[in-house]
Each structure stands twice: as C-alpha cells, then as structure tokens.
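S.K.:
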Amino acid sequence: MVWLEADEHTIAFEAARDIALRRLERSLACRSQVQQALERKQVDPDLIEQVLDRLEEVGLLDDLAYAQTLARTRFREKFAARRAIASELKTKGISAANIAAALEQIDDADEAQAALALARKKAATLTNVEPAVAKRRLAGALQRKGYGPADTWHAIEVVMGEQLTN
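Numbering (the UniProt record's numbering), first residue to last: 1 to 166.
1) Here's the rule I'm using: 16 or more other beta-carbon atoms within 10 Å means buried, otherwise exposed. How should Lys121 be labelled?
2) So, with DSSP's three-state summary, where would you put Lys122?
3) Assign Ser87 to one of three DSSP states: helix, strand, or coil.
4) On a CA-only basis, which of Ala119, Lys92, Gln50 and Ala115 is nearest His9? Give me that one, please.
5) From Ala16 to Arg26, what distance separates their C-alpha atoms?
6) Write down the C-beta distance between Ala114 and Phe79 rounded to the nearest angstrom, noting that I regard them as a contact closer than 8 Å.
7) Using a Cβ-Cβ cut-off of 6 Å (strictly less than) and excluding sequence neighbours within five positions of residue 167, which residues of its own chain qualify?
8) Looking at C-beta atoms only, is the number of pairs between the stretch 126-134 and the stretch 85-101 that lie closer than 8 Å three or more?
9) With a CB to CB cut of under 8 Å and the five nearest residues on each side skipped, what residues in its chain are close to Ala112?
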C-alpha cells in the first residue's frame, strides 16, 4: 500500500524526534541542550527547528520551567546565589526573560539566609583555624557560590560572632 509508506522527510523527522526524546528521558533539558544533541548527530538544521518547535508545542520542551526548576534546585541544594544561577542559566542558552522569571522565586531575604546557612556549614569545618584564615576561607566559599560582598560579610560577621559566644 503506497499510501502507508513514509516519505524521507517523515522518516528523518521521526529519527530526529527520537534523538530529542532520548535526550529528554535522561534529564530535564532546555531547548539549546536538545539542539546541541541533535547537532552532534548531524541532523539537518531545518529539521532540528521543526523537531524543537513540535516538542515545545506539545509541552515536552519548556525553557521557563527548566530555568525555574534549575534555579530552585541550585538554590536549595547547593546554596547558590542568584548571580551564580543566572550565570549558569545563561551558559545553558536560556533567554534573559526566562532567567529573570526563574530568579523571581528567590528574594533577598532567602538569599541572605542561604548565605548564612552556607557560612555556618563551612565554618563547622574551620574550627582549628585562626580567625583571619577562617574569615578568608568563608569569604572565598561564599563568593564562589555567587554571593555579593554585603551578604558575604554579613554572614561572616554572624558566624564569627556565634563562634566567639560558643
């Protein structure tokens, strides 16, 4: 039956879609990550766009949801600051609008509390270190996670004050 035979475009589209779906099965991904997976398999650029558009239409690919999930996870589990999260999202190809929307779920008070929690966690490993060295190491740990000077020094002052009273 001739009418049941798929044309070359349909076969190529289904193969590209399968590659994209396998990438999404491994872990949540943004549009640019799925696009890179398809490019590595040398899929035609026009076909890549068609597959990505179709996945977005059916809700399997959503950069905003991806950005919000990644922001929540990095903030809660790794104590990453908004600045570090924004940088990571940008490198993953997320748009500025989606980055801003994802970071709206983290406010200044939450970020200050996370900086304090991270400083306490790090300070617990610095009990046998001189106070000046401990401050320097705490500052480095907080700054590597993306915290600004105000949150960093506030957290260090609180933690060092707690250690002096104990």
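We treat Cβ as the ideally placed atom computed from N, Cα and C, and that holds for glycine.
Quick caveat: nothing in here was measured; it's all calculated off a predicted structure.
M.R.: To lay it out plainly:
1) Translated into positions along the sequence shown, residue 121 becomes position 121. Answer is exposed; the Cβ neighbour count stays below 16.
2) In the sequence shown, counting from the first residue as 1, residue 122 sits at position 122. Three-state result, Lys122: helix.
3) In the sequence shown, residue 87 corresponds to position 87, counting from 1. Looking at Ser87 - three-state DSSP - the assignment turns out to be helix.
4) Against the sequence shown, residue 9 aligns to sequence position 9. Measuring from the Cα of His9, the nearest candidate turns out to be Gln50.
5) Walking along the sequence shown from the start, residue 16 turns up at place 16. Walking along the sequence shown from the start, residue 26 turns up at place 26. The alpha-carbon of Ala16 is positioned some 16 Å away from that of Arg26.
6) The sequence position of residue 114 within the sequence shown is 114, counting from 1. The sequence position of residue 79 within the sequence shown is 79, counting from 1. That belief holds up - the Cβ atoms of Ala114 and Phe79 are roughly 5 Å apart, short of 8 Å.
7) Because the chain here runs from 1 to 166, residue 167 falls outside it and cannot be looked at.
8) The stretch 126-134 makes no contact with the stretch 85-101: fewer than 3 CB pairs, one atom from each, lie closer than 8 Å.
9) Here residue 112 refers to the residue found at position 112 when the sequence shown is read from its first residue. Taken in chain order, the residues that qualify are Asp151, His154 and Ala155.
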